[in-house]
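Notes follow the structure.
In the working numbering, the protein residues as written are 792 to 877.
Spelled out as structure tokens, the structure:
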């Protein structure tokens with residue numbers, strides 16, 4: 792999955808990431824693992840790499856990290872902020 796950079800603007804503000812959904816002018820605030828996952832998407836990480844980053848950062852199981860990543864990606868997909876890689 793990759794971010795649809797034409798649909799969002801974002802700024803890293805300390806412990807939070809502020810995301811503006813351009814189509815709806817909706818602000819999202821991401822922190823913790825959501826911020827980490829977003830920044831991973833920005834850098835082009837694969838879903839597997841995103842899961843690995845959560846495991847490494849938070850010491851959670853691969854299953855939990857996978858479920859969290861899947862949920863996060865599904866929410867972004869529903870908002871049309873990400874799209875499948877070609």
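From the three backbone atoms N, C-alpha and C, an ideal C-beta is built for every residue, glycine too.
How do the segment 855 to 872 and the segment 821 to 840 stand: do at least 3 beta-carbon pairs fall below 8 Å, yes or no?
-> yes
Would DSSP call residue 854 helix, strand or coil?
-> The residue labelled residue 854 in the question sits at position 63 within the chain shown. Residue state, collapsed to three classes: helix.
So residue 830 is in the beta strand (DSSP E); what residue range does that whole segment cover?
-> Numbered from 1 along the chain shown, position 39 holds the residue referred to as residue 830. Element bounds for residue 830: not the beta strand (DSSP E) but the alpha helix (DSSP H), 823 to 833.
Which one of 796, 854 and 834 has the shortest CA to CA distance from residue 814?
-> Position 23 of the chain shown, counted from the start, is the residue given in the question as residue 814. Comparing Cα-Cα distances from residue 814 to each of 796, 854 and 834, the minimum goes to 796.
How about residue 828 and residue 820: are their beta carbons less than 9 Å apart?
-> Position 37 of the chain shown, counted from the first residue, corresponds to residue 828. Position 29 of the chain shown, counted from the first residue, corresponds to residue 820. Contact: no.
Nearest-angstrom Cα distance between residue 842 and residue 866?
-> By one-based count along the chain shown, residue 842 stands at place 51. By one-based count along the chain shown, residue 866 stands at place 75. Between residue 842 and residue 866, the C-alpha separation is close to 16 Å.
Under a Cβ-count criterion, where at least 16 other Cβ atoms within 10 Å of its own Cβ denotes burial, should residue 856 be classed as buried or exposed?
-> Here residue 856 refers to the residue found at position 65 of the chain shown. When all chains shown are included, residue 856 counts as buried.
Give the secondary structure of residue 836 by DSSP, where H, G and I count as helix, E and B as strand, and everything else as coil.
-> What you label residue 836 is simply residue 45 of the chain shown in a count that begins at 1. If DSSP states are grouped into helix, strand and coil, residue 836 belongs with coil.
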